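All remarks here apply to the structure that follows.
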Amino acid sequence: MYLERFRLDDRVAVVTGGARGIGLAIAEALGEAGAIVVVTDLDGEAADDAAHKLADMGYRAEAEQEDVTDSGAVDACRDRIVARHGRVDVLVNNAGIARSNIKAEEMSDEDWLAVVDVNLNGLFWNCRAFGNTMLEAGKGNIVNIGSMSGFIVNKPQEQSQYNASKAGVHHLTKSLAAEWAARGVRVNAVAPTYIETELTAKYLNEQPELRTHWLAGTPMNRLGQPDEIAPVVLFLASDASSLMTGSIVSVDGGYSAW
Ligand code: NDP
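Once you know that position 197 of the sequence shown is 205 in my numbering, the rest is easy, because the numbers rise by one and skip nothing.
Take a look at the structure:
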């Protein structure tokens, strides 16, 4: 009775930036719950590989090349998916990039714009495109991947544009939730701590001492894994969270508690 509410049988679920890392784990979780998962990514071949991996696991999966920063391409991607399936039930806005160790006073226009373009603008283009389809259907569910960086300022690396973009994701989540709740579309976000993916590996390889700083700020004294974010996204994407909208769920090992 209760576990059934976590099922997504035959629902069409789109995961942006789903070719690897947290997005791929989310795609696996949604596939295991019964969804038809559409993995989109900037790298179309990587999206194809991910969809094949999911199919090998016995899940229904498809791939789409999608650059989230190109609003026309986002609309076209939505149109192709709707042409195939007639609907989109779940959208997970996962695509995101980080550029850290840039002092605010030295930040170039390019370093500011690149991060905001993917993390905030791209997320909005997807919410707008897929949200329209969901509003027409009178139902749908959006889960945005924010970050604890939307609540706290990371230490010691300077990354003001990333932090501001994720705070924007959190408040955009609440704004859309309030606008769309009465029309059947829920919008929530997940705010992870440091998760071991290629995104963090790059920094940890260059500066191994970062791990010590990061653990010192984490009550659980460890970094997270992609498969610890995916079940929370599944919960928010499913009817198990039917009364939730506009929530930003921290999955941060206690980081924001200190
Ligand atoms: P990864 O770098 O491992 O994966 C990100 C994926 O997004 C890649 O497949 C990448 O494709 C894709 N992507 C990048 N730019 C675009 C674009 N313009 N259009 C479409 N896809 C794009 O990152 P994570 O898995 O670590 O992060 C996923 C999300 O989680 C991000 O939003 C991140 O900010 C957030 N997050 C991550 C944390 C962490 O510690 N890892 C902590 C908190 C939040 P390609 O390889 O082709 O560039």
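Quick reminder that beta carbons are idealized off the backbone N, C-alpha and C, glycines included.
Owing to the predicted nature of the structure, the values given are computational and were not obtained by experimental measurement.
Measure from the alpha carbon of residue i to the alpha carbon of each residue in the options, then state which is nearest.
{"i": "Arg136", "options": "Arg230, Leu184, His60", "result": "Leu184"}
{"i": "Ala197", "options": "Asn102, Glu12, Thr77, Gln73", "result": "Asn102"}
{"i": "Glu53", "options": "Met65, Gly25, Ile89", "result": "Gly25"}
{"i": "Met65", "options": "Glu74, Ala145, Leu38", "result": "Leu38"}
{"i": "Val98", "options": "Ile105, Asn109, Ala106, Arg86", "result": "Arg86"}
{"i": "Asp75", "options": "Val241, Ile150, Asp49", "result": "Asp49"}
{"i": "Gln233", "options": "His221, Ala224, Tyr202", "result": "Tyr202"}
{"i": "Leu11", "options": "Ser173, Ser246, Lys111, Ala27", "result": "Ser246"}
{"i": "Leu223", "options": "Trp266, Lys111, Trp120", "result": "Trp266"}
{"i": "Arg191", "options": "Glu36, Gln165, Ala58, Gly148", "result": "Gly148"}
{"i": "Gly158", "options": "His60, Val259, Glu144", "result": "Val259"}
{"i": "Trp188", "options": "Asn213, Val161, Asn140, Gly104", "result": "Asn140"}
{"i": "Ile237", "options": "Glu36, Arg88, Met9, Asn213", "result": "Glu36"}
{"i": "Met252", "options": "Gly261, Asn229, Thr181, Met228", "result": "Thr181"}
Under the assumption that residue i contacts residue j (Cβ atoms under 8 Å), give the Cβ distance between them as a whole number of angstroms.
{"i": "Ala199", "j": "Ile256", "result": "5 Å"}
{"i": "Gly29", "j": "Leu207", "result": "6 Å"}
{"i": "Met156", "j": "Tyr263", "result": "5 Å"}
{"i": "Val193", "j": "Met142", "result": "5 Å"}
{"i": "Ala58", "j": "Leu32", "result": "6 Å"}
May I have the straight-line CA-CA distance separating residue i from residue j, to the nearest angstrom?
{"i": "Glu70", "j": "Asp56", "result": "7 Å"}
{"i": "Ser79", "j": "Asn129", "result": "9 Å"}
{"i": "Val22", "j": "Pro239", "result": "16 Å"}
{"i": "Ala248", "j": "Asp17", "result": "13 Å"}
{"i": "Asp117", "j": "Ser108", "result": "14 Å"}
{"i": "Ile44", "j": "Ala63", "result": "10 Å"}
{"i": "Ala91", "j": "Glu217", "result": "49 Å"}
{"i": "Ile110", "j": "Trp120", "result": "10 Å"}
{"i": "Thr226", "j": "Leu131", "result": "28 Å"}
{"i": "Val47", "j": "Asn134", "result": "14 Å"}
{"i": "Gly235", "j": "Ala84", "result": "It is worth fixing the name first, because residue 235 is Asp in this sequence and not Gly. If I take the Cα positions, the gap works out to 30 Å."}
{"i": "Asn152", "j": "Ala209", "result": "22 Å"}
{"i": "His179", "j": "Ile160", "result": "14 Å"}
{"i": "Asn229", "j": "Gly146", "result": "43 Å"}
{"i": "Val195", "j": "Gly154", "result": "12 Å"}
{"i": "Pro164", "j": "Met9", "result": "46 Å"}
Can you list, in chain order, the residues of its chain whose CB lies under 6 Å from that of residue i, leaving out five sequence neighbours each side?
{"i": "Ser173", "result": "Val123, Val124, Asn127, Leu128"}
{"i": "Pro168", "result": "At residue 168 the sequence reads Ser, which differs from the Pro that was named. The answer, listed in chain order, is Ala112."}
{"i": "Phe243", "result": "Ser249"}
{"i": "Arg68", "result": "Ile44"}
Could you pull out every residue in the same chain whose Cβ sits closer than 7 Å to the Cβ of residue i, ignoring the five residues on either side in sequence?
{"i": "Gly94", "result": "none"}
{"i": "Ala186", "result": "Gly254"}
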